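Have a look at the structure below, then the notes.
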Amino acid sequence: MTASPNFAFLAVHDPQLARLGELAERYFTDDPNTCLIKLRQFGELLAQIIAANLGLYIDDERQIDLLRRLRDRGILQGKVFELFDKLRLAGNDATHALINDQRTALSHLKYAYHLGIWFHRVRTKNKDFHPGVFVPPPDPKVETQALKTELAKLREELAATRTAAEMAQITAEQAAQGRQLAGKAEEAQAQKAALERLLERQVKAVNQSAQTIQATIQQAQQAAEKIDLDERETRRLIDSQLRNAGWEVDSEQLTYHNGTRPQKGKNLAISEWPTIDGRADYALFIGLQIVAVVEAKRQSQDVYSAVDQAKRYSRSYKIQSDEVLAGNWGEYKVPFVFATNGRDFLQQLRTKSGIWFCDLRRPDNLRRPLNTWLSPAGLIDIFNLDIDAANQKLATSGFNYNLKLRDYQIQAIQAVESRLLSADVREILIAMATGTGKTKTCIALVYRLLKTKRFRRVLFLVDRTALGEQTTNAFKESRMENLQTFADIFDIKELGDSTPDRDTKVQIATVQAFVKRILYPGDNTSIPTADQYDCIIVDECHRGYLLDRELSDSELTFRDYNDYISKYRRVLDHFDAVKIGLTATPALHTTEIFGQPVYTYGYREAVIDGWLIDHEPPHSIITALAEDGIVWNAGEEIEYFDPKTGTVDLTNAPDEVKIEIEQFNRQVITEDFNRVVCEYLAENIDPYLDAKTLIFCVKDDHADMVVDKLKQAFAEKYDSIDDDAIIKITGKSDKPLELIRKFRNEVNPKIAVTVDLLTTGIDVPKISNLVFIRRVNSRILYEQMLGRATRRCDEIEKEVFQIFDAVNLYAAIAPVSTMKPVVVSPNITFKQLFNELETVTDETATKTIVEQLLAKLNKQKPNLNNSTKQYYQKHLKENSYPRTPTTNPQQCY
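At position 461 of the sequence shown the residue is numbered 461 (UniProt numbering), and the sequence of numbers has no breaks.
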């Protein structure tokens, strides 16, 4: 068999790889269906070789799973992944149905050719390697006009690059290579040999260092940027993307020149549409109405500036037949414009990638990048949205809802609405302490945004099923106006409902579910369009604690923290929506996604105002293990604590705190250590009081051990203990959601032992005791743990919550934590504080004393008469307190 000028260079990597490319070319003429099957095999073998070279090969793995695994490791990025997937899908179609389409076969031959060049550049580290222009295969017996044109164009390009002498040399080389390949074994033997080579590669790669693997990944990403499809192939990729978004498109057949015109009832993308000042690459029609024009560029060309060319077409649009203009917006006749070069959007190549979109109806609408195309229905929805009218309604709407919002909650909502007045704002962050009613605030915000038609559909994302269920119940139970609940007024889709209906206004879902829908769809499953939601609200958007989670209740696991953030970010960026994040613990990665908080209401402020409960210094359970000390990484500095004010600004602090936890947590799981801890807890916690206790363990079997030791310790201390009073609640428990409901609403259990399932978003106000029998290296996770006990519970006269620390965690994370007690010395009296207030002159010290007085007043509310309480609260908050109080402070303590 004659060697192929398009694939022969791959023989140095694997002869079978070159052979499959050559076979695909050979079958192109007579059997394009088999050509596509061979190209699928080419893609499969190439992906397997890549995996084996990195020690990642798994025998009998499905191609789609392998491609996704390599994508998630950063090896197959953007266009490379897309081309591999094109070969896979076309090969699958060819296997199950006869596809005698030479156009498709030719396109996929070129895709394989580009992947081969990419692979060679990565393996040889020769980023400038190029075997020459693509050599078209022999003419098929039956040619369409489009195919004839493309083949002729390819031959012209080839002839222009080669002299007669070069052609003769190439012919001789091909003959020589052909003789070398002539002795190859039969197909089965070739496949067997290829498998053996894969296993050899795998063995050699096992001992590669992480640095070597990372260098290969970087080379793969750099080589991917040099893939330069010609304009025709770029158009075909754009055709496919538009088709997936719901447009009827074929840039070679459905053209203005071929007589294609807009039709009622069809959503057409018509190519080469003429305007007074040039031809638009695509004109998008919904029925007879022109809604957008598109400028398509080659992948190597800048796409950001191509928007200007599309705007020119909007200005110069002229009615050609019976199409309809929806209006005029200054000089523009078409409301929307797009520009693309077919490349996936990359922030580091912002102006050279993505699909750029601009709404021309307002001059202050800035162009912005999209990851996928907008659907016909989505464009109509955007067209019908009147943002100015919605903003005006928001500004004049009151807050007279049955929710009874607090002042700070109203202020948070107003801060968001004020930020939305800027047309280019796409990300907003609210920071509110755990227990201050973020969900209630969010429900009121969503209600206002939907009622005024500022947005048409909201996606409410949570990170775990339990939190999603809790949120759904809150939406169903919250009465808004005229005694109607939110769910009575607006249609809500719950967890498990994968696709919204046309009338759906709110969909509640987990991040994991949307990672599956967007990044891991089935071949016959449609990916959500970019316009399916125009607002996304992410509750508990911090999610910086992945490394400390077992993810036992997750629908999908993640390799590490960066893997989670990458997928989380891709879900958010997939949609052309305003993103609003709510968190109690903002950190660097949070602000990178949502920006700086537009409103902050912190733990300290909430304690001073009386909405949250203060905590006392922790009970340190002294063991030899707890006294081993905290290990900080060399060179790490904690720069955020201000000893003068006693406050910490951690909005931009990294989440991870460098303390040694892995070895320590392994040592925690010992019989003697846990017996001592449980005996201490039995001495200091009364299981017959109404207060509840939450204990954090290292992992599930550690939780089992602690439950057993606790029951023994409490039985010995109190003679007996109900078996249901102390239970484990983890993802491995029987019906964990039901156990959470019991912990919240029933007498038993009194003590819950968990790992991560109850660390965030779970509201049990009676929790008054927290116990740490594990270390964590995440400030966010730590503060979320503390947040489980901060809620007020007047029902049990909860004044403070207690911390029992068996692992010295409190001391380790205190330097970077925002959740410090307001009253540092619990035994200090009102009299002492008032005496200090009379003597200090420093403004900061005065403020600290006032805050402690206010916190103590909130704690002592049941013991104060109303006039005394109101007197001090009014004067202390207004800084108008008299130096000599007119009411005797003695009565306050």
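Note that the Cβ used here is the ideal one computed from N, Cα and C, for glycine as well.
Owing to the predicted nature of the structure, the values given are computational and were not obtained by experimental measurement.
* **Terminal residues of the alpha helix (DSSP H) in which V511 lies** => As a working mapping, residue 511 is identified with position 511 in the sequence shown. Element bounds for V511: 511-519.
* May I ask you to report which of helix, strand or coil DSSP gives S422? => Position 422 of the sequence shown, counted from the start, is the residue given in the question as residue 422. Three-state DSSP puts S422 in coil, outside helix and strand.
* Asked: The beta strand (DSSP E) spanning V816 covers which residue range?
  -> Sequence index remark: in the sequence shown, residue 816 carries index 816 (1-based). Segment: none, V816 is in no beta strand (DSSP E) and carries neither H nor E.
* N- and C-terminal bounds of the alpha helix (DSSP H) containing V122 -> As a position in the sequence shown, residue 122 is number 122, starting the count at 1. Per DSSP, V122 belongs to the alpha helix (DSSP H) from 102-124.
* Asked: Around the C-beta of F338, are 16 or more other C-beta atoms found within 10 angstroms, so that it is buried, or is it exposed?
  -> Here the question's residue 338 lines up with position 338 in the sequence shown. Classification of F338: buried, given that the 10 Å Cβ count is 16 or more.
* Asked: Between which two residues does the alpha helix (DSSP H) harbouring S314 extend?
  -> As a first step, residue 314 must be located in the sequence shown, where it is residue number 314. Segment 306-315, the alpha helix (DSSP H) holding S314.
* **Under the three-state DSSP convention, the category G581 falls into** => Counting from 1 along the sequence shown, the entry for residue 581 is found at position 581. G581 falls in the strand class under three-state DSSP.
* Asked: What residue from A752, D805, A310, N33 has the CA that sits closest to S620's CA?
  -> Along the sequence shown, one-based indexing puts residue 620 at 620. The shortest Cα separation from S620 among A752, D805, A310, N33 belongs to D805.
* **Terminal residues of the alpha helix (DSSP H) in which E494 lies** => Within the sequence shown, numbered from 1, the residue matching residue 494 stands at position 494. From DSSP, E494 is part of no alpha helix (DSSP H); its letter is neither H nor E.
* Continuous alpha helix (DSSP H) stretch holding K728: start and end -> Along the sequence shown, read from residue 1 onward, the residue named residue 728 stands at position 728. Run containing K728: none in the alpha helix (DSSP H); it sits in the beta strand (DSSP E), 726-728.
* Asked: Of the residues N777, L45, Y57, which one's Cα is nearest the Cα of R88?
  -> Position 88 of the sequence shown holds residue 88. Taking only the C-alpha atoms, the option nearest R88 is L45.
* To do: Could you have a look at Y401 and say whether DSSP puts it in helix, strand or coil?
  => For this step, residue 401 is matched to residue 401 along the sequence shown. In this structure, Y401 counts as coil in the three-state DSSP scheme.
* Could you name the residues of the same chain whose beta carbon sits closer than 8 Å to that of D359, not counting the 5 residues immediately before and after it, in chain order? => In the sequence shown, residue 359 corresponds to position 359, counting from 1. Here the set comprises P335, F336, N365, I382.
* To do: Taking the CB atoms as reference points, tell me whether V291 and K297 lie closer together than 8 Å.
  => To locate residue 291, count along the sequence shown from 1; it is residue 291. To locate residue 297, count along the sequence shown from 1; it is residue 297. Not in contact: V291 and K297 (Cβ atoms no closer than 8 Å).
* Any idea if P369 is buried or exposed, counting beta-carbon neighbours within 10 angstroms, 16 or more meaning buried? -> The residue given as residue 369 occupies position 369 in the sequence shown. Classification for P369: buried.
* Nearest to T255 (by Cα), restricted to the options G265, A245, E272, D239 -> Along the sequence shown, one-based indexing puts residue 255 at 255. Nearest option by C-alpha distance: E272.
* CB contact flag (T372, Q241, <8 Å) -> Here residue 372 corresponds to residue number 372 of the sequence shown, with the count starting at 1. Here residue 241 corresponds to residue number 241 of the sequence shown, with the count starting at 1. Going by C-beta atoms, T372 is nearer than 8 Å to Q241.
* **Neighbourhood of E469 by C-beta distance below 8 Å, restricted to the same chain and skipping five residues each side** => Numbered from 1 along the sequence shown, position 469 holds the residue referred to as residue 469. Closer than 8 Å at the Cβ level, and outside the excluded window around E469, lie L495, L737.
* Asked: Ordered along the chain, which non-local residues of its own chain (more than five positions away) have a Cβ less than 8 Å from that of L379?
  -> The residue given as residue 379 occupies position 379 in the sequence shown. Result list for L379: L284, I286, V291, A292, F336, D531, in chain order.
* Where M480 and G581 are concerned, what is the direct C-alpha to C-alpha distance, given to the nearest angstrom? -> The residue given as residue 480 occupies position 480 in the sequence shown. The residue given as residue 581 occupies position 581 in the sequence shown. Distance between the alpha carbons of M480 and G581 is about 22 Å.
* To do: For G183, collect the residues of the same chain with a Cβ closer than 7 Å to its Cβ; drop the 5 residues on either side in sequence, then sort them by chain order.
  => As a position in the sequence shown, residue 183 is number 183, starting the count at 1. Because G183 sits at a pLDDT of 41, beneath the cut-off of 50, its placement in the model cannot be relied upon, and the following sentence gives the value as read from the coordinates. Cβ neighbours of G183 beyond the five flanking positions: none.
* To do: Could you spell out where the alpha helix (DSSP H) holding I608 opens and where it closes?
  => Start at 1 with the first residue of the sequence shown, and residue 608 comes out as number 608. Start and end: 603-609.
* Asked: What do you reckon, are the CB atoms on A584 and A433 nearer than 8 Å?
  -> Taking the sequence shown and counting its residues from 1, one reaches residue 584 at position 584. Taking the sequence shown and counting its residues from 1, one reaches residue 433 at position 433. Closer than 8 Å, so yes.
* Asked: Considering F490, what are the terminal residues of the alpha helix (DSSP H) in which it resides?
  -> For the purposes of this step, residue 490 is identified with residue 490 of the sequence shown, where counting begins at 1. Taken as a continuous stretch (DSSP letters only), F490 belongs to no alpha helix (DSSP H), as it is neither H nor E.
* Three-state class that DSSP yields for C535 in the structure shown -> Along the sequence shown, read from residue 1 onward, the residue named residue 535 stands at position 535. C535: strand per DSSP, three-state reduction.
* Segments assigned alpha helix (DSSP H), at least 4 residues, entirely inside the stretch 671-697 -> 671-684
* Check whether the Cβ atoms of K579 and I536 sit closer than 8 Å, and answer yes or no. => Taking the sequence shown and counting its residues from 1, the one referred to as residue 579 is at position 579. Taking the sequence shown and counting its residues from 1, the one referred to as residue 536 is at position 536. Yes.
* Inter-residue Cα distance where the pair is L551 and M785 -> What you label residue 551 is simply residue 551 of the sequence shown in a count that begins at 1. What you label residue 785 is simply residue 785 of the sequence shown in a count that begins at 1. Note that L551 has pLDDT 37, beneath the 50 cutoff, so the model's placement of it is unreliable and no number is given.
* To do: Whole angstroms is fine: what's the gap from Q222's alpha carbon to H130's?
  => Within the sequence shown, the letter at position 222 stands for residue 222. Within the sequence shown, the letter at position 130 stands for residue 130. Computed Cα separation, rounded: 15 Å.
* Asked: If we call anything under 8 Å between Cβ atoms a contact, is D708 one with N748?
  -> Within the sequence shown, residue 708 is the residue found at index 708, counting from 1. Within the sequence shown, residue 748 is the residue found at index 748, counting from 1. Against a cut-off of 8 Å, the Cβ pair of N748 and D708 comes out as no contact.
* To do: Please name the residue or residues paired with H615 in a DSSP beta bridge.
  => Mapped onto the sequence shown, residue 615 falls at position 615. Per DSSP, F801.
* Rounded straight-line distance, which links the Cα of G787 to that of R741 -> Here residue 741 is taken as the residue at index 741 of the sequence shown, counted from 1. Here residue 787 is taken as the residue at index 787 of the sequence shown, counted from 1. In a straight line, the C-alpha of R741 is about 18 Å away from that of G787.
* Look at K438 and D539 and say whether their C-beta atoms are less than 8 Å apart. => Position 438 of the sequence shown holds residue 438. Position 539 of the sequence shown holds residue 539. Contact: yes.
* Asked: Hey, quick one: how far does the alpha helix (DSSP H) through T29 stretch, first residue to last?
  -> Residue numbering aside, residue 29 sits at position 29 when the sequence shown is read from its first letter. Element bounds for T29: 15-30.
* Would you decide whether K644 is buried or exposed? Buried here means 16 or more other CB atoms lie within 10 Å of its CB. => Position 644 of the sequence shown, counted from the start, is the residue given in the question as residue 644. With a pLDDT of 38 at K644, under the threshold of 50, the modelled position of this residue cannot be trusted, and the question is left open.
* Asked: Who are the near neighbours of K440 in its chain, counting only those whose CB is closer than 8 Å to its CB and skipping five residues on each side?
  -> The count along the sequence shown starts at 1 and reaches residue 440 at position 440. Hits under 8 Å: L403, L405, Q409, A474, S478.
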